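In this note's numbering, the protein residues as written are 626 to 933.
Here you go:
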């Protein structure tokens, strides 16, 4: 992977989740956990290319929708929509400039905007979705109404129409160009949707059986054949909570420390990644800086940090 420049976009937004605190993630990664030091040590040129959060969207969030017309099971939909639209613009501009967009969340609802912005530049974009969950619920199937559990489904064209049609492209990505890695908590309707579309979903059972190296080899080879760009969407809850306790929806039995790093290292070696986002680090739930430090290390591995 040759990086001319990394464009960091901060998204201190957590209204898509049921637990507040992920909005603290971007600044924690950059300042306290040392992401800028990591990038400097790797001689990776970077810039802070923008920030999208609640203050930035407050003026437009309430104008986007008539509250009386909103589905009852979509929490903070106006704010999520305004955030997604603004983020898509930032990501699209970064991609157009030739930079590598690196989006720091925030909860996983931000992927709606990230993928929408990237879809303006890639006709056959691949998405590798590291997550304990598949995030394919809709307003009709979600047990919680939290939109961070719907973001991948929305990007595939499933769900609330104003979000699926954000910026005029629907769907943003094709099911055959998606790979979910690390799943271990799927709702019944999500399972049915995954099977019906034929989305490649490597659960922890698959990783236990095959090994993370073989999983990544399969995913990378398919992305190399079929896509014109690959976005890495990494939810820190894909990692086992013993290693990453600072997240709002932990599920035991996740990726080990080395499995997560090897996945990032293999992606770097393959050179396929054209953008990335790291989400759901919640410093208010962390044990010291354990989760944030791991997140910075994983970003480092994706961008070229190697043992030797």
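Yeah, the Cβ is synthetic: ideal placement off N, Cα and C, and Gly gets one too.
Remember, it's a predicted structure, so these values are computed and weren't measured experimentally.
With a cut-off of 8 Å on Cβ pairs, the stretch 698-717 is not in contact with the stretch 648-662, counting fewer than three such pairs.
If you look at residue 804, you'll find it isn't in any alpha helix (DSSP H); it sits in the beta strand (DSSP E) that goes 803-808. Using a Cβ distance threshold of 8 Å, residue 859 and residue 901 count as a contacting pair.
Taking a cut-off of 8 Å on C-beta distances, the stretch 629-643 touches the stretch 733-745, as three or more cross pairs fall below it. In the DSSP annotation of this structure, residue 837 is not part of any beta strand (DSSP E); the continuous alpha helix (DSSP H) holding it starts and ends at 837-851. Judged by DSSP in its simplified three-state form, residue 671 adopts strand.
Inclusion of residue 742 and residue 724 in the CB contact set at 8 Å is not warranted, their separation being larger than that value.
Annotation: the stretch 703-759 contains the following complete segments of the beta strand (DSSP E) (minimum length 3 residues), in chain order: 725-730 and 750-755. One Cα belongs to residue 763, the other to residue 778, and the distance between them is close to 7 Å. Of all alpha-carbon atoms in 920, 925, 933 and 929, the one lying nearest the alpha-carbon of residue 650 is that of 920.
The alpha-carbon of residue 694 is positioned some 32 Å away from that of residue 803. Under the DSSP definition of a beta bridge, residue 860 partners with 904. Comparing alpha carbon positions, the residue from 773, 792, 753 and 864 closest to residue 855 is 753. In the three-state reduction of the DSSP assignment, residue 893 falls in the helix class, which pools H, G and I.
Per DSSP, the unbroken alpha helix (DSSP H) holding residue 920 starts and ends at 915-927.
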